[in-house]
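Protein chains in written order, with the working numbering: chain H, 1 to 329; chain R, 1 to 133. Think of the CB as a built atom: it goes at the ideal place given N, C-alpha and C, for glycine as much as any other residue.
Quick look at the structure:
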């Protein structure tokens, strides 16, 4: 569900093409400009490989970590149907991680290395999952609005240039459409319910609005090397473009339910056709992504625990004479 | 005697299942080693009996039986499925894209295509020549 690769704005944007064969680079860029897909064993610039691994891997980690705050609510989801649906959603998310890790593997990073980088904190995942889901309504807001944001991001990236990532995203997007409908259904139930239910969903929206605004990543003004990543079709839309698209599609739906978005400056600018909003607190975003959020420690500790406890089973099943071969496509 | 006091922060989670596990915030584990997640299998999915199987992706598994289980969970989650095949990636042999030129002249060999034989012009010409003046 949740792919928003975080690119450190302070990283040097210059010099990333140093040492590349200029003829091969030109052929590579021409192929992308013609709309061709790049496949696993094709020539690609080092930076393209690096950025894609980082992006697909982070996307995979986000699916796994994102299943934690939602999984919390399976046992307490109101009613049998919602328990079944939430369980299916969490299973979907874990399955998406498998698809994404497979795509990243075709670029030469092993699944074990990806897991190691996640549990040691070296690799990032979507920042929103460093916040807790306090009530059932939080789980509903996540399923509706975070998944909505994820779909915007994934539909855009599915048109990107790396074949295996696009194919994984096509499959993922099909499943995500159920998540969105399920989340919306739950939010509508609360918003059209008793005063207590309405209060609960409003409070959850208020809590989740800042992380939702952070979801698409820092403002374009602060983002490094967006230009080359867009030319290579690694990134298909800028962070601000995706944020605008999200606001345009979902703010009216939120207002339809009589809910209040906690931003007094939020309104559609009739002249530009774009949404005006209060600039999100990017210092808070950085603080949380670097480990300072309310749930960072818990998420990684739980992931390490799961890894540790499953290890003997995996070891017992391992056939030592087998060898790893990278997937073909 | 000096007491060695180590402060361990335990995870305080909202999730009762996690809270009762008493996990330390600083739990560490040995890093995963190669093959910890096993080898890969290529998965082929058949929608309806009689259709051809399509390659859909991979799973990591320690044996073919588990590869089929994971294949079902991963690629048979939605829609209809008649059958799934798994093949160890290591057992797939393929041509190289670099050698693609070996297929290059295939479409040119028109003498192997029905469309490569055009007789109507000749027949019409013959018929015209046969007509009494």
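Legend entry - Closer than 8 Å to chain C by CB, residue 118/H: Absent from the structure is chain C; the protein chains it does hold are H and R.
Legend entry - Start-to-end residues for the beta strand (DSSP E) that takes in residue 148/H: Walking along the first chain from the start, residue 148/H turns up at place 148. Counting along the chain, residue 148/H falls outside any beta strand (DSSP E), though it belongs to the alpha helix (DSSP H) covering 147-157.
Legend entry - Within 8 Å, strictly: CB atoms of residue 31/R and residue 296/H: Within the second chain, residue 31/R is the residue found at index 31, counting from 1. Within the first chain, residue 296/H is the residue found at index 296, counting from 1. No, the pair does not count as a contact, with Cβ atoms beyond the cut-off.
Legend entry - Beta-bridge partners of residue 83/R, as assigned by DSSP: Taking the first residue of the second chain as position 1, residue 83/R is located at position 83. Note: residue 83/R sits in a beta bridge opposite 46/R.
Legend entry - Within-8 Å CB hit, residue 64/R to chain H: Stepping through the second chain from its first residue, residue 64/R is reached at position 64. Not one chain H Cβ lies under 8 Å of residue 64/R.
Inset, instruction - In angstroms with no decimal places, state the Cα-to-Cα distance between residue 7/H and residue 276/H. - result: The count along the first chain starts at 1 and reaches residue 7/H at position 7. The count along the first chain starts at 1 and reaches residue 276/H at position 276. Interpretation of residue 7/H is limited by its pLDDT of 48, a score under 50 that renders its predicted location unreliable; the figure taken from the coordinates is listed afterwards. Approximately 24 Å between the Cα atoms of the pair.
Inset, instruction - Let me know the secondary structure DSSP gives residue 160/H once reduced to three states. - result: Within the first chain, numbered from 1, the residue matching residue 160/H stands at position 160. Residue state, collapsed to three classes: coil.
Inset, instruction - Look at the Cβ atom of residue 145/H, then the Cβ atom of residue 212/H, and state whether they are nearer than 8 Å. - result: To locate residue 145/H, count along the first chain from 1; it is residue 145. To locate residue 212/H, count along the first chain from 1; it is residue 212. Going by C-beta atoms, residue 145/H is nearer than 8 Å to residue 212/H.
Inset, instruction - Using alpha carbons as the reference points, say which of 63/R, 59/R, 17/R lies closest to residue 329/H. - result: For the purposes of this step, residue 329/H is taken as residue 329 along the first chain, with counting starting at 1. Of 63/R, 59/R, 17/R, the residue nearest in Cα terms is 59/R.
Inset, instruction - Would you list, in chain order, the members of the region 28-50 of chain R that have their beta-carbon closer than 8 Å to a beta-carbon of chain H? - result: 28, 29, 31, 32, 33, 34, 35, 36, 37, 38, 39, 40, 42
Legend entry - Exposure label - residue 321/H; buried when at least 16 CB within 10 Å: Along the first chain, one-based indexing puts residue 321/H at 321. When all chains shown are included, residue 321/H counts as exposed.
Legend entry - Nearest neighbour of residue 273/H, chosen from 264/H, 261/H, 248/H, 69/H [CA to CA]: Here residue 273/H refers to the residue found at position 273 when the first chain is read from its first residue. Comparing Cα-Cα distances from residue 273/H to each of 264/H, 261/H, 248/H, 69/H, the minimum goes to 248/H.
Inset, instruction - Determine whether the Cβ of residue 323/H lies closer than 8 Å to any Cβ atom of chain R. - result: Translated into positions along the first chain, residue 323/H becomes position 323. True, the Cβ-Cβ gap to chain R drops below 8 Å.
Inset, instruction - Could you check what DSSP says for residue 53/R in three-state terms: helix, strand or coil? - result: Walking along the second chain from the start, residue 53/R turns up at place 53. Reduced to three states, the DSSP call for residue 53/R is coil.
Inset, instruction - State buried or exposed for residue 234/H, treating a residue as buried only when at least 16 other CB atoms are found within 10 Å of its CB. - result: Within the first chain, the letter at position 234 stands for residue 234/H. It is buried - the Cβ of residue 234/H has at least 16 other Cβ atoms within 10 Å.
Inset, instruction - Verify whether the separation of the beta carbon atoms of residue 105/H and residue 327/H is less than 8 Å. - result: In the first chain, residue 105/H corresponds to position 105, counting from 1. In the first chain, residue 327/H corresponds to position 327, counting from 1. A contact, by the Cβ cut-off of 8 Å.
Legend entry - Sufficient close CB pairs (3 or more, under 8 Å) joining the region 94-101 of chain H to the region 70-78 of chain R: The region 94-101 of chain H makes contact with the region 70-78 of chain R: 3 or more CB pairs, one atom from each, lie closer than 8 Å.
Legend entry - Backbone CA spacing between residue 80/H and residue 135/H [nearest angstrom]: Here residue 80/H corresponds to residue number 80 of the first chain, with the count starting at 1. Here residue 135/H corresponds to residue number 135 of the first chain, with the count starting at 1. Each residue's Cα considered, the two are about 18 Å apart.
Legend entry - Neighbour list for residue 134/H in chain R, Cβ cutoff strictly below 8 Å: Taking the first chain and counting its residues from 1, the one referred to as residue 134/H is at position 134. Result: 14.
Inset, instruction - Can you grab the Cα-Cα spacing for the pair residue 313/H / residue 33/R, in whole Å? - result: To locate residue 313/H, count along the first chain from 1; it is residue 313. To locate residue 33/R, count along the second chain from 1; it is residue 33. Across the structure, residue 313/H and residue 33/R are spaced so that their CA atoms are roughly 15 Å apart.
Inset, instruction - From the DSSP output, in three-state form, read off residue 236/H for me. - result: Along the first chain, one-based indexing puts residue 236/H at 236. In this structure, residue 236/H counts as coil in the three-state DSSP scheme.
Inset, instruction - Would you please verify whether the beta carbon of residue 112/H is less than 8 Å from any beta carbon of chain R? - result: By one-based count along the first chain, residue 112/H stands at place 112. Yes, residue 112/H lies at the interface with chain R (some Cβ there is under 8 Å from its Cβ).
Inset, instruction - Just mark residue 79/R as buried or exposed, buried being the case when its beta carbon has 16 or more other beta carbons within 10 Å. - result: The sequence position of residue 79/R within the second chain is 79, counting from 1. Burial call: exposed.
Legend entry - Where the alpha helix (DSSP H) containing residue 313/H begins and where it ends: Here residue 313/H refers to the residue found at position 313 of the first chain. From DSSP, the alpha helix (DSSP H) with residue 313/H extends over 296-317.
Inset, instruction - Report, in whole angstroms, the separation of the C-beta atoms of residue 126/H and residue 60/H, which I expect to be a contact under 8 Å. - result: The residue you call residue 126/H lines up with position 126 of the first chain. The residue you call residue 60/H lines up with position 60 of the first chain. Cβ atoms of residue 126/H and residue 60/H stay farther apart than 8 Å, at about 11 Å.
Legend entry - Sequence-distant residues of the same chain with beta carbon closer than 7 Å to residue 86/H, five excluded per side: Position 86 of the first chain, counted from the start, is the residue given in the question as residue 86/H. Cβ neighbours of residue 86/H beyond the five flanking positions: 70, 73, 74, 77.
Inset, instruction - Out of 261/H, 217/H, 231/H, point me to the one whose CA is closest to residue 286/H's CA. - result: Taking the first chain and counting its residues from 1, the one referred to as residue 286/H is at position 286. Comparing Cα positions, the closest option is 217/H.
Legend entry - Check whether residue 148/H and residue 28/H have beta carbons under 8 Å apart: Here residue 148/H corresponds to residue number 148 of the first chain, with the count starting at 1. Here residue 28/H corresponds to residue number 28 of the first chain, with the count starting at 1. Not in contact: residue 148/H and residue 28/H (Cβ atoms no closer than 8 Å).
Legend entry - Endpoints, the alpha helix (DSSP H) within which residue 126/R is located: Counting from 1 along the second chain, the entry for residue 126/R is found at position 126. Run containing residue 126/R: 120-130, per the alpha helix (DSSP H) assignment.
Inset, instruction - My understanding is that residue 139/H touches residue 179/H, with C-beta atoms under 8 Å, so please give their C-beta distance in whole angstroms. - result: Start at 1 with the first residue of the first chain, and residue 139/H comes out as number 139. Start at 1 with the first residue of the first chain, and residue 179/H comes out as number 179. In fact, because the Cβ distance is near 12 Å, the residues do not count as touching under 8 Å.
Inset, instruction - Count the C-beta pairs between the region 87-107 of chain R and the region 35-42 of chain R that are closer than 8 Å, then say yes if the count reaches three, no if not. - result: yes
Inset, instruction - For residue 10/R, write down the residues that DSSP places opposite it in a beta bridge. - result: The count along the second chain starts at 1 and reaches residue 10/R at position 10. 24/R, per the DSSP bridge assignment.
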